[in-house]
Ligand code: PDD
């Protein structure tokens, strides 16, 4: 089953795919992207991701080379060509190729790249055991709502986490409040209420975040969308993170100190299984627990 790439109008094997060394994505990080999880060959929440891609592109005045409907068709074709069942679909649009100059080129021919690769199977006991996370300063720009390919602060934060043996770096803005993870949204539970940073320029409006909040509301859980302090995070009963690729992951240690009783809590566990059920419902397959062992699941 080949890993597939689409570059500017052509499908090819990923290993064959090339863009110019003068592509502005390569030189300036001048582009936007989306990551979509595909289950059983079907992209999950593709419409939401394409909507966010349009908003990100508009946010940097980048004309998309195709409309959302056509991008969706190309994504589905890439998936079919790859034949990979459990995959991660990556879509990136940059401000194209031009001789290096910071200001936008006069005529822009955006570069569109789509890739399909197998999803990395998650350790099956991750939801049961939870993961350690660390905190780091949030050193990003103030348009974190734009899903830009310019990810250097996120990359450095994630590397710090990796070196600390943690799965994620939770970012603290100005030493004062928690924004999100290097590639996830962050939630803290205190006395049964779920707290998470509000949508706006300081976080990415996660697709998983909004689905999980909807599921929590449907379960009658109470939610506060407001910033909380690092002290609040340290004293939370539960902490969990969400993303397209990680889904819902309970965090059991922050900076080496246990969260609550040091085990995944009931809210994170309930939302992790509600999310799996939601994926199953939309994709049309039995819930994850029932198929575990029969198919790899990232
Ligand atoms: N990251 N916050 C940041 C900074 C992110 O990069 C991501 C996603 C999220 C979660 O968003 P969503 O639920 O829509 O995936 C939050 C993707 C997965 C990535 O860069 O690989």
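In the numbering used here, the protein residues as written are 26 to 323.
Glycine residues also receive a C-beta, built at the ideal position from the N, C-alpha and C atoms.
Note: residue 117 is bridge-paired with 58 and 138 in the DSSP secondary-structure output. Cα atoms of residue 209 and residue 150: separation of roughly 19 Å, rounded to the nearest angstrom. Here the alpha carbon of residue 166 sits roughly 15 Å from the alpha carbon of residue 202. With a threshold of 6 Å, the Cβ atom of residue 60 counts as near ligand 1, since some heavy atom of the ligand is closer than that. Counting along the chain, the unbroken beta strand (DSSP E) around residue 215 starts and ends at 210-215. Looking at 261, 308 and 39, the one whose alpha-carbon comes closest to that of residue 288 is 261.
Taken through DSSP and simplified to helix, strand or coil, residue 127 comes out as coil.
The DSSP-derived three-state label of residue 77 is helix. Counting C-beta atoms within 10 angstroms of its own C-beta, residue 179 has 16 or more neighbours from the protein chains shown and is therefore classed as buried. Beta-carbon to beta-carbon, residue 71 and residue 97 are separated by about 6 Å, close enough to satisfy the 8 Å threshold. Following the DSSP letters along the chain, one finds residue 88 in no beta strand (DSSP E), marked with neither H nor E. If you ignore the 5 residues before and after residue 220, its C-beta comes within less than 6 Å of the C-beta of 213, 249 and 253, all in its own chain and listed in chain order. Following the DSSP letters along the chain, one finds residue 307 inside the alpha helix (DSSP H) bounded by residues 291-308.
Secondary structure within the segment 169-214: the alpha helix (DSSP H) runs of 4 or more consecutive residues, fully enclosed, are 177-188 (chain order).
Of all C-beta pairs linking the segment 108-120 to the segment 140-158, three or more are shorter than 8 Å, placing the two stretches in contact.
Your pair residue 217 and residue 247 checks out as a contact, with CB atoms roughly 7 Å apart and the cut at 8 Å.
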